[in-house]
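S.K.: For the first sequence, my numbering gives the first residue as 48, with consecutive numbering after it.
Every residue gets a Cβ at the ideal spot worked out from N, C-alpha and C, and that includes glycine.
For clarity, every value in this text was computed on a predicted model and none was experimentally measured.
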Amino acid sequence: MKNKTIYSILFALCLIGFWVFKNFYTPATYSNPDSSNEEMVEEVFLPSSTTGDIVRHEHYMLSYNEPFEQAEWVLYELKKSHLTYDDRKRPYFIEDPKVKTKSADWRNYRGSGYDRGHLCPAGDRRFSEYAYNETFYTSNISPQDRDFNAGVWNRLEQKVRYWCKTYGDLVVITGGILESGLEEIGEEDVDVPKTFYKIVLQKNNNKAVAFLMPNKESKEPLHHFLVSIDSIEKLTGINFFEKQNEVWQDELESEVDASSWKF
DNA sequence: CTGCGTAGC
DNA sequence: GCTACGCAG
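1. What three-state label does DSSP hand HIS106 in the structure shown?
2. Of the residues ASP171, PHE92 and LEU166, which one's Cα is nearest the Cα of PRO190?
3. Checking 8 Å against the spacing of the C-beta atoms, do SER186 and TYR132 come in under that value?
4. Quick check on GLN205: buried or exposed, where buried means 16 or more other Cβ atoms within 10 Å of its Cβ?
5. Which class does SER189 belong to by DSSP, given the choice of helix, strand or coil?
6. For ASN286, collect the residues of the same chain with a Cβ closer than 7 Å to its Cβ; drop the 5 residues on either side in sequence, then sort them by chain order.
7. Give me the residue from LEU259, GLN296 and GLU289 with the minimum Cα distance to LYS245.
8. Using the rule of at least 16 other Cβ atoms within 10 Å of the residue's Cβ for burial, across every protein chain shown, is GLY292 buried or exposed?
9. For TRP120, name the three-state secondary structure that DSSP assigns.
10. Please state if the CB of ASN155 and the CB of GLY222 are separated by a distance shorter than 8 Å.
11. Given a cut-off of 8 Å on the beta-carbon distance, is the pair VAL218 and GLU124 in contact?
12. On the three-state DSSP scale, how would you describe ASN112?
13. CB-CB under 8 Å to LYS263, same chain, minus the five flanking residues each way: which ones, in chain order?
14. My understanding is that PHE140 touches TRP200, with C-beta atoms under 8 Å, so please give their C-beta distance in whole angstroms.
15. For a quick check, are the C-beta atoms of ALA178 and HIS106 less than 8 Å apart?
16. Identify which residue in PRO138, LYS212 and TRP120 has its Cα closest to the Cα of THR98.
17. Between TRP295 and TRP210, how many whole angstroms is the CB-CB distance? I'm expecting something under 8 Å.
18. Consult DSSP for LYS281 and reduce its assignment to one of helix, strand or coil.
19. Determine the DSSP secondary structure at ALA178, reduced to helix, strand or coil.
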């Protein structure tokens, strides 16, 4: 009788131990998270996820789409205080330990002809070594045409920094349009989006702009790619500001109004 | 800034 | 397999 009880307790302890392990063990990752919990983007800006695989990193968050082997959206807050130009050494791209299904290996991109294009730009996370390294998870990259990434896409990212400097804190959401029939690269078949989107929100003013850009270089000025947030929601199936009230959404998402943004 | 390829340990 | 360096848009 007594033995039976003891064995039951031991068994229960094993279960608890396993549960703790399963939930709190994390594999090797970039070291030294910044101690501060700092400014995790408020949940009120969380987009919906078509996959349910939402991952929160210290300085950005994402929703991973396993069949496409990349994020469907990456969201981060860009503050004035983030705009530093500290020189940092590029680390290697590594698997995102927080993506349950494992994010794609960087070798899928090697020799593919496509860049490992950051979604949350490394240039926006230079304020700390950890923040910078954290952008080098393979969950934060998509295959991008070389001239696109270094060209018009890069110009948009620099414009976002300019807007942050002049208008204050921003919320930025970025991703590729994940649809069927896309070209795939590498052993894991990473899909190559034909189009990328970026949504930028001024936190203070509740003003937003959205861009849709073909995955190729263009000489068009940036405002040529302006679209409504609604149109991106239709293409992606993602509801971007679902936590906001409907009036708020209606006002911001339906129209293309870049009048309060200097290009 | 955005990156890649190659050489060498 | 990882790092350092040079090079390109």
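M.R.: So, from the data block:
1. coil
2. LEU166
3. No.
4. exposed
5. strand
6. PRO94, SER95 and GLU280
7. LEU259
8. Note that residue 292 corresponds to Asn in the displayed sequence, not to Gly. By the neighbour-count rule (16 or more Cβ atoms within 10 Å), ASN292 is not buried but exposed.
9. strand
10. no
11. yes
12. If DSSP states are grouped into helix, strand and coil, ASN112 belongs with the strands.
13. ASP192, ASP194 and PHE195
14. In fact, because the Cβ distance is near 18 Å, the residues do not count as touching under 8 Å.
15. yes
16. Comparing alpha carbon positions, the residue from PRO138, LYS212 and TRP120 closest to THR98 is TRP120.
17. Wrong, their Cβ atoms sit about 20 Å apart, outside the cutoff.
18. helix
19. helix
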